[in-house]
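Visitor:
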Amino acid sequence: MTATEAAMPVLQLRQVSKRFGAVQALSNVDFEVYSNEVVALVGDNGAGKSTLIKTIAGAYKPDEGDYVFEGKVVSVNSPRDATDLGVETVYQDLALCDNLDVVSNLYLGRENVRRSGLKYLDLLNETEMERRATEVLRDLSVKIPSVRVQIANLSGGQRQSVAVARSVMWNSKVVLLDEPTAALGVEQTRQVKDLIMRLRDRGLAVVVISHNVADVFEVSDRIIVMRLGRRVATFHTARSTNEQVIGAITGAMLPSNAYGEAE
Amino acid sequence: MMKTQPTNLAAAPNNWREALAERFRQGNLGSLPVIIGLIIIAIVFQSINKNFLTPLNLTNLMVQIAAMGTISTGVVLILLLGEVDLSAGQVSGLAAAVMAVLVSRHNLPAGVAIIGAIVVGALVGLLQGWWISSFRVPSFVVTLAGLLAWQGSRLRVLGDTGTINITNKFINDIANYKLPIWLGWVLGIVSVVVYTLIVFNEYRSRRAAELPTGSLNGVFWRVGVVGASVLAGVAMMSVNRNANAAGNPIQGVPSAVIIFLTFLIIFDFITQRTRFGRYVYAVGGNTEAARRAGINVKRIRITIFMLASALAACGGILAASRLNAANQSSGDGDVLLNAIAAAVIGGTSLFGGRGRIWSALLGALVIGAIANGMDLLALKSSIKFIVTGAVLLLAVTIDAASRARRENSGR
């Protein structure tokens, strides 16, 4: 048993099921993630990873099962409910505005303003936003030419880093990353992986969806394997091998108990 | 696991040449091409005809472009959203007709007629914006339908007589009044002082927050160039422009110029410094990202279409005031195309999310200067159209090329 298992998970799903018409996307899935840990969610196409992530993010409401946050059953009906709890999601498309600079993107929708009486005519407090943005990016060691550079002029890795920084700026407790290294080169993948580990060291619970088992082994503490809408295996990364995980993904070699390596 | 290290913020380019090269590489040229274009146009026309750069002609030019520029200000707002408004010209004509009918046929006070015309414009924008965002019909089609429908509405409002002359002094003064010379100077000096205070205050607060600032020299240059241009403009328009020195003096800043510049300042402020402005750019840049950030995209769209049509109405009022009439061709012909061309030539992207309100002024100056210069040379309007078309093509090409360079610069 590791130390994290003794503690309470910051976020937990219990016996969650979700059906789309004839397709059973999730059947009785349990999920848990602790603070200070990186959980990798792996599985083949159609395994239910995306459905699970979207359920956690509040984009889907499960047909059955409980959403438990910090030990309490909560009702999460929209992405807004999830972000209000401190659960932030970085989708693969990053949802950044190319034409705006880094500061504007970090604060989009939550601008720091001087009130004017009319919400839309509130004055942007650029100095304060830029100061705080610089601070956050420095804390996370995100390397960009300037916080005033447009997103269009950043590399893929830098964009991913900005999107991740945005998700952790607002006292979030859980960060979901959807294929964060899918479109990146070697060096940029390195940057993003370092960033993921820094998030964990700051006490966040990080959930990473990935296709790349090698990447998963570098960053994660636990690996949860999904297959055909079920959670079929869980591994402690440090005590498992590539072959075991791939075996579980393909269904060629399923461990018989909860933690694969204990077999 | 890497240890935290200071953010590697590359040193800001420390001289203007590097900064320029950097902006070119990133495809962020903004208004630079059009300013160079204006200088070339001025040199060419002045070398052919000595009357081009005279106080009389330049002041006329500013008055000539006020209506087009005001309509174009609204077009810039629409383009920032990544939409297009083909009805702007006809809305301006409809507003002119409404105002003329209210004041001349129904003998209503000028203020009521003006407000009535602007309200009609805003309602048109509300309808179009609502239609576009509710039924997901492309703005191109909705405003194309509007182009026809508002043209019909204008003809109907005008009725059988076709032309309605405006004799109301207040309305005719909107565009044709010349400010007393002292008032021109007061406005000029006050705006330069306010601008200077804003720029220095910004510099000071960035220093206080320990953020990178440009050099203090750069700040002085900015204030110096803007201040000198404004005051030179006032000085030029304060000279007696009447060629006949013995006749009544023609002097003072024309009200049309003040009105146009006021719109530019207000809308530049809104787009650059308010939450609303930030959301407009966000929707124009990535609608889905804006939606996910919690921005009410539909409300932003409808508001922008309302503002743009209201501005088109104001442009129509200016044009009618200058003409002292509203008629069957108000808002027809090249009004719409000039307004869109001005926005694009001025540096606002057709692809959404990039550009500044000031491009309405710069682009209108280019189009106005070409028309004005060719009139001085007594060239046929056929040539005028061809040259304006070529300039528009050039501007859009620069926009597209910048976009391509941007897309290649990051990844």
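Listed in order, the protein sequences are those of chains A and B.
If you're matching positions, the first sequence starts at 1 in the UniProt record's numbering and goes up one per residue.
If you're matching positions, the second sequence starts at 1 in the UniProt record's numbering and goes up one per residue.
Cβ atoms here follow ideal geometry from the backbone N, Cα and C, with glycine treated the same way.
In this structure, does DSSP put residue 65(A) in helix, strand or coil?
Guide: strand
Visitor: Looking only at DSSP bridge pairs, what is residue 158(A) linked to?
Guide: Its beta-bridge partners do not exist; DSSP assigns none.
Visitor: Where does the unbroken beta strand (DSSP E) through residue 19(A) begin, and where does it stop?
Guide: That run of the beta strand (DSSP E) goes 11-20.
Visitor: Between residue 361(B) and residue 69(B), how many whole angstroms is the CB-CB distance? I'm expecting something under 8 Å.
Guide: Between residue 361(B) and residue 69(B) a beta carbon distance of about 6 Å is seen, short of the 8 Å cut, so the two are scored as contacting.
Visitor: For residue 37(A), count neighbouring Cβ atoms within 10 angstroms of its own Cβ and tell me buried if that reaches 16, exposed if not.
Guide: buried
Visitor: Do residue 238(B) and residue 181(B) have their beta-carbon atoms positioned less than 7 Å apart in this structure?
Guide: In this structure, residue 181(B) sits near residue 238(B), with a CB-CB distance shorter than 7 Å.
Visitor: Evaluate residue 243(A) with the Cβ neighbour count: other Cβ atoms within 10 Å of its Cβ, from every protein chain shown; 16 or more gives buried, anything less gives exposed.
Guide: Exposed, because fewer than 16 other Cβ atoms sit within 10 Å of the Cβ of residue 243(A).
Visitor: Look up residue 351(B) in the DSSP assignment and say whether it is helix, strand or coil.
Guide: In the structure shown, the three-state DSSP call for residue 351(B) is coil.
Visitor: Taking C-beta pairs closer than 7 Å, name the residues in chain A that residue 295(B) reaches, listed in chain order.
Guide: 109
Visitor: From residue 101(B) to residue 172(B), what distance separates their C-alpha atoms?
Guide: 14 Å
Visitor: How far does the beta strand (DSSP E) with residue 89(A) in it extend, from its first residue to its last?
Guide: 87-90 is the extent of the beta strand (DSSP E) around residue 89(A).
Visitor: Quick one: which chain A residues come within Cβ less than 9 Å of residue 203(B)?
Guide: In chain order: nothing, as chain A lies at least about 11 Å away.
Visitor: Applying a beta-carbon distance threshold of less than 7 Å, which residues of chain B neighbour residue 131(A)?
Guide: Going along chain B in sequence order, the residues near residue 131(A) (Cβ under 7 Å) are 209, 211.
Visitor: Pull out every residue of the segment 83-105 of chain A whose Cβ sits closer than 7 Å to any Cβ of chain B, in chain order.
Guide: 95, 96, 97, 98, 99, 100, 104
Visitor: Per DSSP, which one or two residues make a beta bridge with residue 254(B)?
Guide: Its beta-bridge partners are 178(B).
Visitor: Flag this pair as yes or no: are the beta carbons of residue 57(B) and residue 49(B) separated by less than 7 Å?
Guide: no
Visitor: For residue 289(B), which residues from the same chain have a beta carbon less than 8 Å from its beta carbon, with the 5 sequence-adjacent residues on both sides left out?
Guide: 282
Visitor: If you draw a straight line from the C-alpha of residue 102(A) to the C-alpha of residue 355(B), how long is it?
Guide: Roughly 18 Å between the two C-alpha positions.
Visitor: At the 7 Å Cβ level, is residue 222(B) part of the contact set with chain A, yes or no?
Guide: Answer no: the Cβ-Cβ gap between residue 222(B) and chain A never drops below 7 Å.
Visitor: Which residues mark the beginning and the end of the alpha helix (DSSP H) in which residue 200(A) is found?
Guide: 186-201
Visitor: Comparing the CB of residue 24(A) with every heavy atom of the ligand GDP, is any distance shorter than 6 Å?
Guide: Summarising the ligand content, the structure contains no ligands, and the ligand GDP is consequently not present.
Visitor: Taking residue 227(A) and residue 236(A) to be in contact with their CB atoms under 8 Å, please state how far apart those CB atoms are, rounded to whole angstroms.
Guide: The Cβ separation is near 19 Å, so there is no contact.
Visitor: Strictly by DSSP, which residues pair up with residue 73(A)?
Guide: For residue 73(A), which the question treats as bridged, DSSP gives the partners 68(A).
Visitor: Reducing DSSP to helix, strand and coil, say where residue 43(A) ends up.
Guide: strand
Visitor: Under a CB-based cut-off of 7 Å, is residue 356(B) close to chain A?
Guide: no
Visitor: Does residue 276(B) get closer than 7 Å to chain A when you measure Cβ to Cβ?
Guide: Residue 276(B) counts as touching chain A.
Visitor: For residue 274(B) and residue 122(A), what's the separation of their Cα atoms in angstroms?
Guide: 6 Å
Visitor: Give me whichever residues DSSP pairs with residue 31(A) in a beta bridge.
Guide: When beta bridges are read from the DSSP output, residue 31(A) appears opposite 13(A).
Visitor: Could you tell me the distance, in whole angstroms, from the CA atom of residue 232(A) to the CA atom of residue 252(A)?
Guide: 12 Å
Visitor: Quick one: what's got a C-beta closer than 7 Å to residue 249(B)'s C-beta in the same chain, skipping five residues either side?
Guide: 240, 242
Visitor: Taking residue 217(A) as part of the alpha helix (DSSP H), name the residues at either end of that continuous run.
Guide: Segment 213-219, the alpha helix (DSSP H) holding residue 217(A).
Visitor: With 16 as the cutoff for other CB atoms within 10 Å, does residue 18(B) come out buried or exposed?
Guide: exposed
Visitor: Buried or exposed for residue 170(A), please, with buried defined as at least 16 other CB atoms from any protein chain shown within 10 angstroms of its CB.
Guide: exposed
Visitor: Under the rule that 16 or more other beta-carbon atoms within 10 Å means buried, what is residue 111(A), buried or exposed?
Guide: buried
Visitor: So residue 88(A) and residue 172(A) are supposed to be a Cβ contact under 8 Å. How far apart are they, rounded?
Guide: Correct: roughly 4 Å between the Cβ atoms.
Visitor: Classify residue 119(A) as buried or exposed, calling it buried when 16 or more other Cβ atoms lie within 10 Å of its own Cβ.
Guide: Its Cβ having fewer than 16 others within 10 Å, residue 119(A) is exposed.
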